[in-house]
Amino acid sequence: MSVTIQQIAEKAGVSRGTVDRALNNRGRINPEVAEMVKRTAEEMGYVHKARKRQKSAGGKKKIGIVTQLSGSSFMLEVKRGIQTGKKNWKNLA
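Numbering (full-length UniProt numbering), first residue to last: 1 to 93.
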């Protein structure tokens with residue numbers, strides 16, 4: 001089972017908000033507290049959601065487009081741009 005922010009907060013003796021700020025590098029937080037929270041999370045085997053998404057997607061980025069204008073010259077140009085991007089970005093699915 002995945003480690004939660006609540007579990008990290010309880011073990012570290014801080015609030016869930018403090019854990020969130022430390023793990024996401026946002027807001028005002030004492031650097032020593034942030035380091036302690038990150039260390040606790042690592043020891044508990046916490047995997048950040050962004051990393052989970054990367055693993056589940058195989059590290060590939062995806063673009064989806066839904067439009068009624070698929071035959072328009074504009075959308076054909078968009079499609080060409082995406083295809084060019086796919087050639088240049090090896091990790092774009």
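A virtual CB, placed ideally from N, CA and C, is assigned to each residue, including glycine.
Output the distance between the C-alpha atoms of residue i and residue j, rounded to the nearest integer angstrom.
i: Gln7; j: Arg21; result: 15 Å
i: Phe74; j: Leu23; result: 41 Å
i: Met36; j: Gln83; result: 45 Å
i: Thr18; j: Gly85; result: 39 Å
i: Gly64; j: Arg26; result: 29 Å
i: Arg39; j: Leu76; result: 49 Å
i: Lys49; j: Asn30; result: 23 Å
What residue range is occupied by the uninterrupted alpha helix (DSSP H) comprising residue i?
i: Asn24; result: Arg16 to Asn24
i: Met36; result: Pro31 to Met44
i: Arg80; result: Ser73 to Asn88
Please classify residue i: is it buried, with 16 or more other beta-carbons within 10 angstroms of its beta-carbon, or exposed?
i: Val47; result: exposed
i: Val14; result: buried
Assign residue i to one of three DSSP states: helix, strand, or coil.
i: Ile8; result: helix
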